[in-house]
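Notes follow the structure.
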Amino acid sequence: MSRYDEIYRRSLEDPEGFWAEAAQAIDWTRPWERVLDDRNKPFYRWFVGGELNTCYNALDRHVERGRADQKALIYDSPVTGQQRSYTYRELRDAVAHFAGALRAQGVEKGDRVIIYMPMVPEAVIAMLACARIGAIHSVVFGGFAANELATRIDDARPKLIVSASCGIEPGRIVEYKPMLDGAIAQARHKPERCIILQRPQAEAPLVAGRDIEWNEALAGVEPAECVPVAATDPLYILYTSGTTGQPKGIVRDNGGHAVALHWSMRHVYGVEPGEVYWAASDVGWVVGHSYIVYGPLLHGNTTIVFEGKPVGTPDPGTFWRIIAEHGVRVMFTAPTAFRAIKKEDPEGEYIRRHDLSGFRALFLAGERCDPDTLEWARRQLGVPVIDHWWQTETGWAIAANCLGIEPLPVKPGSPTRAVPGYDVRVLDDEGGELGPNQIGAIVIRLPLPPGTLPTLWNAEQRFVDAYLSRYPGYYLTGDAGYKDEDDYLWIMSRIDDVINVAGHRLSTGQMEEVLASHPAVAECAVFGVADELKGELPLGLVVLKAGAEVEEEALRQELIRMVRERIGPVAAFKLVGIVKRLPKTRSGKILRGTMKKIADGVPWKMPATIDDPAILDEIAEVLRGLGYPKS
Numbered sequence: 004m005s006r007y008d009e010i011y012r013r014s015l016e017d018p019e020g021f022w023a024e025a026a027q028a029i030d031w032t033r034p035w036e037r038v039l040d041d042r043n044k045p046f047y048r049w050f051v052g053g054e055l056n057t058c059y060n061a062l063d064r065h066v067e068r069g070r071a072d073q074k075a076l077i078y079d080s081p082v083t084g085q086q087r088s089y090t091y092r093e094l095r096d097a098v099a100h101f102a103g104a105l106r107a108q109g110v111e112k113g114d115r116v117i118i119y120m121p122m123v124p125e126a127v128i129a130m131l132a133c134a135r136i137g138a139i140h141s142v143v144f145g146g147f148a149a150n151e152l153a154t155r156i157d158d159a160r161p162k163l164i165v166s167a168s169c170g171i172e173p174g175r176i177v178e179y180k181p182m183l184d185g186a187i188a189q190a191r192h193k194p195e196r197c198i199i200l201q202r203p204q205a206e207a208p209l210v211a212g213r214d215i216e217w218n219e220a221l222a223g224v225e226p227a228e229c230v231p232v233a234a235t236d237p238l239y240i241l242y243t244s245g246t247t248g249q250p251k252g253i254v255r256d257n258g259g260h261a262v263a264l265h266w267s268m269r270h271v272y273g274v275e276p277g278e279v280y281w282a283a284s285d286v287g288w289v290v291g292h293s294y295i296v297y298g299p300l301l302h303g304n305t306t307i308v309f310e311g312k313p314v315g316t317p318d319p320g321t322f323w324r325i326i327a328e329h330g331v332r333v334m335f336t337a338p339t340a341f342r343a344i345k346k347e348d349p350e351g352e353y354i355r356r357h358d359l360s361g362f363r364a365l366f367l368a369g370e371r372c373d374p375d376t377l378e379w380a381r382r383q384l385g386v387p388v389i390d391h392w393w394q395t396e397t398g399w400a401i402a403a404n405c406l407g408i409e410p411l412p413v414k415p416g417s418p419t420r421a422v423p424g425y426d427v428r429v430l431d432d433e434g435g436e437l438g439p440n441q442i443g444a445i446v447i448r449l450p451l452p453p454g455t456l457p458t459l460w461n462a463e464q465r466f467v468d469a470y471l472s473r474y475p476g477y478y479l480t481g482d483a484g485y486k487d488e489d490d491y492l493w494i495m496s497r498i499d500d501v502i503n504v505a506g507h508r509l510s511t512g513q514m515e516e517v518l519a520s521h522p523a524v525a526e527c528a529v530f531g532v533a534d535e536l537k538g539e540l541p542l543g544l545v546v547l548k549a550g551a552e553v554e555e556e557a558l559r560q561e562l563i564r565m566v567r568e569r570i571g572p573v574a575a576f577k578l579v580g581i582v583k584r585l586p587k588t589r590s591g592k593i594l595r596g597t598m599k600k601i602a603d604g605v606p607w608k609m610p611a612t613i614d615d616p617a618i619l620d621e622i623a624e625v626l627r628g629l630g631y632p633k634s
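The following block contains the structure:
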């Protein structure tokens, strides 16, 4: 039996023993009474009775045990031209000081604090300061529209909001304060105070009696000590889009979260304490929570806060400069970032300008990575490129090629096998388990491992309805796919993206794989559009690589032929449009559902997380050229 097989089997056969052992790596102020409490199914709880402080585990203990002068955080901001770093001692002191400022404004254990910030060190300091005093933070992506922020204020009911005067995007300043003021005006719940970080690029007027400037809030306050909390107490709430339009508040507990993230740093990502690890994401997303802030710091790594973009700040070589300059060993980003880099620098010329000899591995997640992008990255970088799969709800990887356990052979297009702790199954509509290579609903047998969501904020019934009711005894991931004969997982699409063409269930992800393999295509999206005869037809939109010289109609016919050859005539693939860009969320997910609604001519709402709303006008024009909507 391989090492991976042995560890994986033990995690499922003896989860309590497995996770109790992993929990020894965390400092507890009081040991747990039960590793796993299953007395209130389906609401499982980990490390019941235990007490700890997540901030202490992320900062203070490293200072006390020899890492005081090691860099904890490096801030690299090509959009402002600034860099600065904090040692573990400096970061602990800054966090303790700001925790004292929160306490001076009346924030106590159990209170909620919304953080609405750009990618600056102060955002991380605010998160850790909340954890230090037992307050529950809820980070909202900086620049979210006022109405979206207002719904989160009303759901979380924060005592205080921490924000900044502005964020900086390539070529523009995004003023946060007017959006924050608008959100508070709309919200039924009103925070008592707002602490505002003034940035020189756009200083904001403060509301008398409510707003206080960051440095003013720090003046004269005593640093705060770490407050022990129950392992089952919430560390944070992170809102994700809900199908009802009401966002879902994913709850993360303190104990299971610390144990799982610490374990994942070595076993999934293969990094050792002291090494530099970089997740090129944003603290507003789950990747930022797990792998910019908590995971690396719990494990004693150096983390990077990057304020910029993969291209345009200033060029497609930014990632390689940061890796070379700061000695990054392992990086984690979204496939979208690499598709953008590949589009701008298809031959990898910028990569060869930097010394990447210390770089060991690239991890990709956030959406399905097409094999063409994975192969391009592997060829250009000469290191393992690991596609792994997880969700906001799980907080860490469900499936991955676990570099710290035993690297397995890569199958481009697959995130490899389930991570220890996750019992992943593929079920049909009736709940029967499917055999190899049969597409169905991907589910995880309960209990979920530590670090995953125990519930939704103030919405236990919604938690059951959304995730646990479709297949009793299982968590519904919402993704569709299959396992092959080697137990490798293949995530093909969301369950909603399995389209029904004349009675045949087909994955749009498989068609995207074919389109992306064309040498002229930088990225693509396939979604189903309503058809009177066949029920649904697949429609593909493609973005061309920079400098690609093709005749559009010839390319369309070639792509149609490729899908016909590799998937078969059953796909009935004949609708292809060429677009300059695809609509995406700020975290890089392509908005296939919105494009489908436009094509079908049904009412749709501007997604709150969209990166650039103007793209949808361009998409609508291309769809009209293809004859959609029909009415």
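Going from the sequence shown to our numbering is simple: count from 1 and add 3. Backbone N, C-alpha and C fix where the C-beta goes; we use that ideal spot for every residue, glycine too.
> Which word fits Pro121, buried or exposed, when buried means at least 16 other C-beta atoms lie within 10 angstroms of its C-beta?
Replying inline: By 1-based counting over the sequence shown, the position of residue 121 is 118. Buried.
>> If I follow the unbroken alpha helix (DSSP H) through His302, where does it start and stop?
In response: Along the sequence shown, read from residue 1 onward, the residue named residue 302 stands at position 299. Looking at the DSSP string, the run of the alpha helix (DSSP H) that includes His302 is 298 to 302.
> Going by C-alpha distance, which of Gly291, Thr306, Tyr353, Lys251 is nearest Glu275?
Replying inline: In the sequence shown, counting from the first residue as 1, residue 275 sits at position 272. Among Gly291, Thr306, Tyr353, Lys251, the Cα nearest to that of Glu275 belongs to Thr306.
> Which full runs of the beta strand (DSSP E) of 3+ residues lie inside the region 11 to 49, going along the chain?
Replying inline: 37 to 40
> So, Ala574 versus Pro374, is the Cβ gap smaller than 9 Å?
Replying inline: Residue numbering aside, residue 574 sits at position 571 when the sequence shown is read from its first letter. Residue numbering aside, residue 374 sits at position 371 when the sequence shown is read from its first letter. Going by C-beta atoms, Ala574 is not nearer than 9 Å to Pro374.
> Do you know offhand how far Val262's Cα is from Gly69's?
Replying inline: What you label residue 262 is simply residue 259 of the sequence shown in a count that begins at 1. What you label residue 69 is simply residue 66 of the sequence shown in a count that begins at 1. About 21 Å.
>> For a test of the three-state rule: what should DSSP assign to Pro173, helix, strand or coil?
In response: If you number the sequence shown from 1, residue 173 lands on position 170. Coil, per DSSP.
>> Considering only the alpha carbon of each residue, which of Phe466, Ala234, Glu378 lies closest to Pro250?
In response: The residue labelled residue 250 in the question sits at position 247 within the sequence shown. Among Phe466, Ala234, Glu378, the Cα nearest to that of Pro250 belongs to Phe466.
> Is Cys133 helix, strand or coil when you go by DSSP?
Replying inline: Locating residue 133 in the sequence shown gives position 130, where the first residue counts as 1. Correct three-state label for Cys133: helix.
> Whose C-beta lies closer than 8 Å to the C-beta of Pro28 among residues of the same chain, with five residues either side of it excluded?
Replying inline: Locating residue 28 in the sequence shown gives position 25, where the first residue counts as 1. In the sequence as displayed, the identity of residue 28 is Ala instead of Pro. Excluding sequence neighbours, Ala28 sits near Val262, His265, Trp266.
>> When you compare the region 31 to 47 with the region 279 to 295, are there three or more beta-carbon pairs, one atom per stretch, that lie closer than 8 Å?
In response: no
> How many whole angstroms separate the CB atoms of Leu558 and Gly543, which I take to be in contact at a CB cut-off of 8 Å?
Replying inline: Looking up residue 558 in the sequence shown gives position 555. Looking up residue 543 in the sequence shown gives position 540. Incorrect: roughly 11 Å between the Cβ atoms, too far for contact.
> For the beta strand (DSSP E) that Pro541 lies in, which residues bound it at each end?
Replying inline: In the sequence shown, residue 541 corresponds to position 538, counting from 1. Looking at the DSSP string, the run of the beta strand (DSSP E) that includes Pro541 is 538 to 547.
>> Using the three-state DSSP reduction, which class does Thr511 fall into: helix, strand or coil?
In response: Start at 1 with the first residue of the sequence shown, and residue 511 comes out as number 508. In the displayed model, Thr511 falls within a helix according to three-state DSSP.
> For Ala222, is the classification buried or exposed, using 16 other Cβ atoms within 10 angstroms of its Cβ as the cut-off for buried?
Replying inline: Residue mapping note: residue 222 aligns to position 219 of the sequence shown, counting from 1. Ala222 is exposed by the Cβ-count criterion.
> Of all the alpha helix (DSSP H) runs that stay within the bounds of the region 233 to 279, which reach a length of 4 or more residues?
Replying inline: 258 to 270
>> Going by DSSP in three states, Asp489 sits in which element: helix, strand or coil?
In response: Working through the sequence shown from its first residue, we reach residue 489 at position 486. Here Asp489 carries a coil assignment [DSSP, helix/strand/coil].
> CA-CA distance, Lys312 and Pro173?
Replying inline: In the sequence shown, the residue the question calls residue 312 occupies position 309. In the sequence shown, the residue the question calls residue 173 occupies position 170. In a straight line, the C-alpha of Lys312 is about 8 Å away from that of Pro173.
>> If distances are taken between C-alpha atoms only, which option among Arg160, Leu152, Ala159, Ala138 comes closest to Lys180?
In response: Walking along the sequence shown from the start, residue 180 turns up at place 177. Ranking Arg160, Leu152, Ala159, Ala138 by Cα distance to Lys180 puts Leu152 first.
>> Suppose the cutoff is 6 Å on Cβ atoms and the five residues either side in sequence are ignored; what does the same chain contact list for Asp184 look like?
In response: Counted from its first residue, the sequence shown places residue 184 at position 181. The answer is none, since no qualifying residue turns up.
> Using the C-alpha atoms, what's the distance from Ser634 back to Gly531?
Replying inline: Taking the first residue of the sequence shown as 1, we reach residue 531 at position 528. Taking the first residue of the sequence shown as 1, we reach residue 634 at position 631. The straight-line gap from Cα to Cα measures roughly 17 Å.
>> Which residue wins for smallest C-alpha separation from Glu2, given the options Leu547, Arg196, Arg191?
In response: As displayed, the chain neither begins before 4 nor continues past 634, which places residue 2 out of reach and without an answer.
> To the nearest angstrom, how far is it from the Cα of Val210 to the Cα of Ala227?
Replying inline: As a first step, residue 210 must be located in the sequence shown, where it is residue number 207. As a first step, residue 227 must be located in the sequence shown, where it is residue number 224. If you take the alpha carbons of Val210 and Ala227, they lie about 27 Å apart.
> Can Ile593 and Leu619 be called in contact, C-beta distance under 9 Å?
Replying inline: Along the sequence shown, one-based indexing puts residue 593 at 590. Along the sequence shown, one-based indexing puts residue 619 at 616. Not in contact: Ile593 and Leu619 (Cβ atoms no closer than 9 Å).
>> For the structure I just gave you, are there three or more beta carbon pairs, one from the region 293 to 309 and one from the region 342 to 362, closer than 8 Å?
In response: no
>> Let me make sure I understand the geometry here. Which of Lys44, Ala483, Trp49, Gly330 has the alpha-carbon closest to that of Ala35?
In response: Working through the sequence shown from its first residue, we reach residue 35 at position 32. At residue 35 the sequence reads Trp, which differs from the Ala that was named. It is Trp49 whose Cα lies nearest to the Cα of Trp35.
>> Would you call the region 325 to 344 in contact with the region 96 to 108, where contact means no fewer than 3 C-beta pairs closer than 8 Å?
In response: no
>> Please tell me whether Leu509 and Val501 are closer than 9 Å, where the distance is taken between their beta carbons.
In response: As a position in the sequence shown, residue 509 is number 506, starting the count at 1. As a position in the sequence shown, residue 501 is number 498, starting the count at 1. Leu509 is a Cβ neighbour of Val501, given a cutoff of 9 Å.
> Between Pro632 and the rest of its own chain, which residues show a CB-CB distance below 7 Å, the 5 nearest in sequence each way excluded?
Replying inline: Here residue 632 refers to the residue found at position 629 of the sequence shown. Contacts found: Ala602, Asp603, Gly604.
> Is Cys58 helix, strand or coil by DSSP?
Replying inline: For the purposes of this step, residue 58 is identified with residue 55 of the sequence shown, where counting begins at 1. Helix.
> In whole angstroms, what separates the C-alpha of Trp392 from that of Arg175?
Replying inline: Looking up residue 392 in the sequence shown gives position 389. Looking up residue 175 in the sequence shown gives position 172. Cα-Cα distance, rounded: 33 Å.
> Could you check where the alpha helix (DSSP H) with Asn150 kicks off and where it finishes?
Replying inline: Locating residue 150 in the sequence shown gives position 147, counting from the first residue. Run containing Asn150: 149 to 159, per the alpha helix (DSSP H) assignment.
> What does DSSP give as the partner residues of Ile139 in its beta bridges?
Replying inline: For the purposes of this step, residue 139 is identified with residue 136 of the sequence shown, where counting begins at 1. According to DSSP, Ile139 bridges with Arg115.
> Excluding the five sequence neighbours on either side, which residues of its own chain have a C-beta within less than 6 Å of the C-beta of Gly89, listed in chain order?
Replying inline: Translated into positions along the sequence shown, residue 89 becomes position 86. Inspection of the sequence shows that residue 89 is occupied by Tyr rather than by Gly. Excluding residues within five positions, the ones whose Cβ falls inside 6 Å are Ala75, Leu76.
> Can you tell me whether DSSP reads Gln441 as helix, strand or coil?
Replying inline: Here residue 441 is taken as the residue at index 438 of the sequence shown, counted from 1. Note: Gln441 maps to coil in three-state DSSP.
> How do the region 443 to 461 and the region 422 to 430 stand: do at least 3 beta-carbon pairs fall below 8 Å, yes or no?
Replying inline: Contact between the region 443 to 461 and the region 422 to 430 is present, because at least three Cβ pairs lie under 8 Å.
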